Amino acid sequence: MARLVIDPITRIEGHLKLDVEIEGGKVKDAWTSGTLFRGFELILKGRDPRDAWQITQRVCGVCPTSHAHTSTMGLEDSFKVTPPENAVILRNLIEGCQFLHSHILWFYHLNALDYVDVVSALSAKTTDPALVAVQGKLKTFVDSGQLGPFANAYWGHPAYKLPPEVNLLAVSHYLQALEMQAEAAAASAVWGGRMPMTMTSPPGGVNCMVDLDLIAQFLFRLKKVQAFIDNVMVPDTLAIAPFYLDWAGIGKGHANFLSWGVFTDPKSRDPYKSLLPRGAVYASEGLTAQKVGPEMVTEDTTRGWYKDGPAVNPAQGVTDPEYTSYDTNAKYTWAKSPRLNGKPMEVGALARMLVAYTSGQPTAQSLINGTLTALGVGGKPEVLLSVLGRIAARTLEAKMVADEMIGWTTALAANLGAGNSKLFEQYEIPDKSSGIGLWEAPRGALGHWNEIDGHVLKNYQMVVPTTWNVCPRDEKGVRGPIEEALIGTPVHDAKQPLEILRVVHSFDPCLACTVHVIDPDTNEVRKFRVS
Amino acid sequence: MSGGLAVSVCYIFDTSIFERTWNMRGGFIRGLFDIDRRDFLKFCSATAAMMGLSEAYAPKIAEAVTTAAPRTPVVWLTLSCDSGCTEMFIKAKRPSAAELILDVLSVEFNDTIMAAAGEQAEENLKNAVDKGGFILVIEGAMPTKPGYGTIAGKDMLDIVKEVAPKALAVVAIGSCATNTGIPGAAPNPSGLISVTDALKPLGIANVNLPGCPADPKLLVGVVLNYLLFKKLPDLDELGRPKMFYAKTIHEQCERRSHFEAGRFVEAFGTPEMEKGYCLYKMGCKGPQTHGPCPTIRYNDNASWCILAGAPCIGCLDMKWPDAQSPFYGRLAGVSIPGFGGVQSTADKVGKVLGAATAIGIGAHAAATAAKGGKKGGGE
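Protein chains in written order, with this note's numbering: chain A, 585 to 1115; chain B, 12 to 390.
Next comes the structure, spelled out in structure tokens:
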């Protein structure tokens, strides 16, 4: 049995270390270790509550907007203030841009290189002048001997299945997608001032300038991104999937899914009526959506570098770091283990789309059913519980969000036209209070718990998406979702563990959230240990 | 292949979209690579202006960007941070991220975008460092507490000390790297130190580009300066390029005339807010913060904080965030001109702000006071 350590896992945000046991060409066991401890909870103590939504954005440079909104919603819960309808719409638009930029970036720049062989694109036969141009550029790039970010990857690995022509098309889209994720961020900056680190979503509403000229600027940028998703990203997903259909049977994991819900319905504010609604799906109990609440969450620290204690709800949560050593039999990560009703839960686009699908959300149903039929697996939504399913879910969600954003923008313009330009509700910061914000980052369910005492923050706890996915075993020894999903993954060549990267990347881990890589034993890293 | 795609796409969506699809796909690609010469020269002129160079440098910048062969190698280390500056870097437009990565620079190591992983990623770093002649960009601070931050088994601080001496130049990008930023805010739970503090014992100076995030245009400016003149730009005593960080945001702000006229926003969601009045009373840290935000703007010129309606939180300041929080608390000691006269608080200003800023605001206050006095509106 070979023991393999991959460190660093790249093309994720932050750093992740992976420790796997391989037997008979398959993963037998796995340990995920996320490690930089930054201690945001400690930094927030004693501060003005209104600063929390700005500070917590710095938890993650990829999804700062989601932290901003979750924090602000938690503070509004504490302050007992309800933001006006236009503010809800504008937050949906700013958050929507975040989802579009993040999903495009993940699909083309973080994940695609596991499926697209850049070097193979050089041998594509094409007469399309645009593709010839890309190929020429790529050739110059390779001939220069400076491969930059493409250097030393697993090019030529037998798990790459695409013909050279499709590889070339995908490489050209990789470059376009760089432009498009930047465009989505620029659209968000029309309202938020900049991206990353949006500036206009404080508790109470929004403080951005809003007029028809800005709406036009926003729509101009949004429509470019929407066209890219419709005309490039969705077709690419459908073009590449048939070559990798075996990945619809790999990486299933625990198959428990959680979504807190995102993109609030501006009228009802009911999280079960959000565009992507709240709910949980326990695949063992069939594909049905169930109601969920923050009181069901506990955090276990048995295997993380924190002082031991009972698993508690984040409202009573403590962050008491205690680094011991990296030991997969004891503590091996800075991540805590969040559980919902004691169960490990997968979060992210697949979780949201499954909850939407099983809740009867009509757009999600037609997109998913249409895609399954197009791929020859009509009526079998269970194939979504896989690596391929996670990829498809992100693409379809991007389309769903982009389309809906056009509608929200129109609604905003209509409100302004009808004389409703209210953007902000005044409030007082209470002496004592507590609140919860539940929302979704592109990577999954995000919760912020705050407690205010003497008008300042007394306690602040976050349960972030990647902690749900990348968490270690709990006190019962039940693996975290990524650990579980890795079991059984075929590995053709342990020196080029491309298949393992596919499973890990399918979760879009974002280790900036709480953690970073640590291995105190230098000799262990980059070596294969046989045990 | 395209036939099969057509069928599947049309199946899900309507056919008219598909007609556009393939035409637009071609258009998308051509748009990216058919680089418009006039646009390119515009970029070069704008960059020259941003760097404080005359228009005559535009052709030289064009030459440096297009004929630099081999491309300048860059090693980009992401340490204790949220990768927001990498995120901002790939949001670059004119030059675009694709142009920066493929045409101008050779990004030898950046763990967010590189294809290689694990052992192979480590090899890339080692190869680049062995070869030397690279620009080292550091994003993030370094924990000094053992076990709180390492990559591939090595302490972050040790990696920096190993890599930096081999670099042509070291650029600290973003507040975490320049002054430990948010994760280094009190009580600094992981004992972070800045790049400058880490390199001081080695006698290595570095460029500081504070900001949360720092805009890629600033990094491009530093790199172009190096390509043009084979040296780093002029730096102030805190290591910041003078071409970007000499003026306060307040000095360059487009809402400055409202400040002068005493027109302030007193609360969000008010008519004063809709009119775009000065945000000083909402906690704006523009008078304290040095940086180019109003002139460079963010995200393809889309906007910047104050233009969008947000008070500056001071994220480009070298003492951010503890010297600026609470972000919505009014900055102490700034003299407010306008109706009702001037509050004379220049002494307090000196305690709160940096010396240069204090002189600036003090002088400004005196001038405004004199003006007010003539009108008979002063104290």
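We put the CB at the ideal spot given by N, CA and C, even for glycine. Note that the coordinates shown come from a computational prediction; the quantities given were computed from them, not determined experimentally.
Rounded Cβ spacing between residue i and residue j (contact assumed at less than 8 Å)
{"i": "Gly232/B", "j": "Met99/B", "result": "The pair is not a contact, with the Cβ atoms about 14 Å apart (cut-off 8 Å)."}
{"i": "Leu210/B", "j": "Asn199/B", "result": "Actually they are not in contact, since the Cβ atoms of Leu210/B and Asn199/B sit about 19 Å apart, beyond 8 Å."}
{"i": "Gln765/A", "j": "Ile688/A", "result": "4 Å"}
{"i": "Arg974/A", "j": "Pro787/A", "result": "Contact doesn't hold; Cβ gap of about 34 Å is too wide."}
{"i": "Leu806/A", "j": "Ala771/A", "result": "5 Å"}
{"i": "Tyr907/A", "j": "Tyr828/A", "result": "At roughly 40 Å, the Cβ-Cβ gap does not stay under 8 Å, so Tyr907/A and Tyr828/A are not in contact."}
{"i": "Leu290/B", "j": "Arg266/B", "result": "7 Å"}
{"i": "Lys172/B", "j": "Leu213/B", "result": "6 Å"}
Test item: CB-CB of residue i and residue j under 7 Å
{"i": "Asn219/B", "j": "Ala183/B", "result": "yes"}
{"i": "Met937/A", "j": "Ala995/A", "result": "no"}
{"i": "Ala1029/A", "j": "Val881/A", "result": "no"}
{"i": "Tyr692/A", "j": "Ala761/A", "result": "yes"}
{"i": "Val1054/A", "j": "Pro1093/A", "result": "yes"}
{"i": "Ser56/B", "j": "Ala152/B", "result": "no"}
{"i": "Val809/A", "j": "Ala754/A", "result": "no"}
{"i": "Gln1052/A", "j": "Pro922/A", "result": "Checking the displayed sequence, the identity of residue 1052/A turns out to be Trp instead of Gln. In contact: Trp1052/A and Pro922/A (Cβ atoms closer than 7 Å)."}
{"i": "Ile678/A", "j": "Thr649/A", "result": "yes"}
{"i": "Val672/A", "j": "Pro855/A", "result": "no"}
{"i": "Leu694/A", "j": "Arg595/A", "result": "yes"}
{"i": "Ser785/A", "j": "Arg675/A", "result": "yes"}
{"i": "Leu924/A", "j": "Leu871/A", "result": "no"}
{"i": "Ser970/A", "j": "Lys836/A", "result": "yes"}
Among the options, nearest to residue i - alpha-carbon criterion
{"i": "Thr574/A", "options": "Pro1026/A, Gly608/A, Leu602/A, Ala899/A", "result": "With chain A covering 585 to 1115 only, the question about residue 574/A has no answer from this structure."}
{"i": "Leu143/B", "options": "Ala103/B, Ser117/B, Asp245/B", "result": "As written in the sequence, residue 143/B is Gly, which differs from the Leu given in the question. Considering only alpha carbons, the answer is Ser117/B."}
{"i": "Pro227/B", "options": "Cys289/B, Val148/B, Trp331/B", "result": "Val148/B"}
{"i": "Ala73/B", "options": "Pro84/B, Leu88/B, Arg82/B, Phe54/B", "result": "Phe54/B"}
{"i": "Ile146/B", "options": "Val86/B, Pro154/B, Glu173/B, Ser205/B", "result": "Val86/B"}
{"i": "Asp727/A", "options": "Leu746/A, Glu869/A, Pro850/A, Val703/A", "result": "Val703/A"}
{"i": "Gly845/A", "options": "Gln1045/A, Asp1058/A, Pro1049/A", "result": "Pro1049/A"}
{"i": "Asp93/B", "options": "Asp1077/A, Ala705/A, Gly623/A, Leu934/A", "result": "Gly623/A"}
{"i": "Arg1086/A", "options": "Phe663/A, Ser707/A, Ala743/A", "result": "Ala743/A"}
{"i": "Met1046/A", "options": "Lys1016/A, Glu883/A, Glu1012/A", "result": "Glu883/A"}
{"i": "Ala714/A", "options": "Phe683/A, Glu749/A, Ala873/A", "result": "Glu749/A"}
{"i": "Ala636/A", "options": "Lys71/B, Ala109/B, Leu168/B, Pro337/B", "result": "Pro337/B"}
{"i": "Leu980/A", "options": "Pro826/A, Ala717/A, Met783/A, Ser950/A", "result": "Ser950/A"}
{"i": "Phe802/A", "options": "Ala986/A, Asn815/A, Glu1059/A, Phe847/A", "result": "Ala986/A"}
Neighbour list for residue i in chain E, Cβ cutoff strictly below 9 Å
{"i": "Tyr916/A", "result": "Here the protein chains are A and B, and chain E is not one of them."}
Cβ contact check for the stretch 311-326 of chain B and the stretch 768-782 of chain A: 3 or more pairs under 8 Å: yes
Members of the stretch 665-696 of chain A that neighbour chain B once the beta carbon cut-off is set at 7 Å: His693
Can we say the stretch 158-168 of chain B touches the stretch 723-733 of chain A, given the rule of at least three CB pairs closer than 8 Å? no
Sufficient close CB pairs (3 or more, under 8 Å) joining the stretch 903-913 of chain A to the stretch 882-891 of chain A: yes
At a CB distance below 9 Å, what residues from the stretch 834-850 of chain A approach chain B? Give them in sequence order. none
Should the stretch 813-828 of chain A be regarded as contacting the stretch 656-664 of chain A, the criterion being three or more beta carbon pairs within less than 8 Å? no
For the 8 Å Cβ check, are there 3 or more pairs between the stretch 985-999 of chain A and the stretch 892-902 of chain A? no
Report the residues of the stretch 79-110 of chain B with a CB closer than 9 Å to any CB of chain A, ordered along the chain. Ala80, Pro81, Arg82, Pro84, Val85, Thr89, Leu90, Ser91, Cys92, Asp93, Ser94, Gly95, Cys96, Thr97, Glu98, Met99, Ile101, Lys102, Ala103, Lys104, Ser107, Ala108, Ala109
Does the stretch 940-956 of chain A touch the stretch 852-869 of chain A, meaning 3 or more C-beta pairs lie closer than 8 Å? yes
Report yes or no: do three or more beta-carbon pairs, one from the stretch 272-281 of chain B and one from the stretch 189-204 of chain B, lie closer than 8 Å? no
Specify whether the stretch 282-302 of chain B and the stretch 248-264 of chain B touch according to this definition: at least 3 beta carbon pairs, one from each stretch, less than 8 Å apart. yes
Could you name the residues of the stretch 209-232 of chain B whose beta carbon sits closer than 8 Å to any beta carbon of chain A, in the order they occur along the chain? Cys223, Pro224
Within 8 Å, do at least three Cβ pairs link the stretch 1066-1086 of chain A to the stretch 604-612 of chain A? yes
Using 8 Å as the Cβ pair cut-off and three pairs as the minimum, do the stretch 184-198 of chain B and the stretch 624-631 of chain A touch? yes
Check whether the stretch 315-324 of chain B touches the stretch 171-185 of chain B, taking contact to mean three or more Cβ pairs, one atom from each stretch, closer than 8 Å. no
Name, going along the chain, the residues of the stretch 134-165 of chain B whose beta-carbon falls closer than 7 Å to a beta-carbon of chain A. Glu134, Asn135, Gly158, Tyr159, Gly160, Thr161, Ile162, Ala163, Gly164, Lys165
Taking only beta carbons into account, state which residues of the stretch 728-749 of chain A come closer than 9 Å to chain B, listed in chain order. Ser728, Gly729, Gln730, Leu731, Gly732, Pro733, Phe734, Ala735, Asn736, Ala737, Tyr738, Trp739, Pro747, Glu749
Using a Cβ cut-off of 7 Å, which residues of the stretch 788-810 of chain A contact any Cβ in chain B, in chain order? Gly788, Gly789, Asn791, Cys792, Met793
Compile a chain-ordered list of the residues in the stretch 622-648 of chain A whose CB is closer than 8 Å to at least one CB of chain B. Arg622, Gly623, Phe624, Leu626, Ile627, Arg631, Asp632, Arg634, Asp635, Gln638, Ile639, Arg642, Val643, Cys644, Gly645, Val646, Pro648
Which residues of the stretch 983-1011 of chain A have a Cβ closer than 8 Å to any Cβ of chain B? Give them in chain order. Ser1005, Lys1006, Leu1007, Phe1008, Glu1009, Gln1010
For the stretch 662-673 of chain A against the stretch 1007-1024 of chain A, are there 3 or more C-beta pairs whose distance is under 8 Å? yes
Members of the stretch 1035-1067 of chain A near chain B, C-beta cut-off 9 Å: none
With a threshold of 8 Å, are at least 3 pairs of Cβ atoms found where one atom belongs to the stretch 998-1006 of chain A and the other to the stretch 665-678 of chain A? yes
Compile a chain-ordered list of the residues in the stretch 111-132 of chain B whose CB is closer than 7 Å to at least one CB of chain A. Ile112, Leu113, Ser117, Val118, Glu119, Asn121, Asp122, Thr123, Ile124, Met125, Ala126, Ala127, Ala128, Gly129, Glu130, Gln131, Ala132
Listed in chain order, which residues of the stretch 297-316 of chain B have Cβ atoms closer than 7 Å to some Cβ of chain A? Tyr309, Asn310, Asp311, Ala313, Ser314, Trp315, Cys316
Give, in chain order, every residue of the stretch 918-944 of chain A whose Cβ lies closer than 8 Å to some Cβ of chain B. none
Got a sec: which bits of the stretch 316-348 of chain B sit with their beta carbon under 8 Å from any beta carbon on chain A, in order along the chain? Cys316, Ile317, Leu318, Ala319, Gly320, Ala321, Ile324, Cys326, Pro332, Ser336, Pro337, Phe338, Tyr339, Gly340
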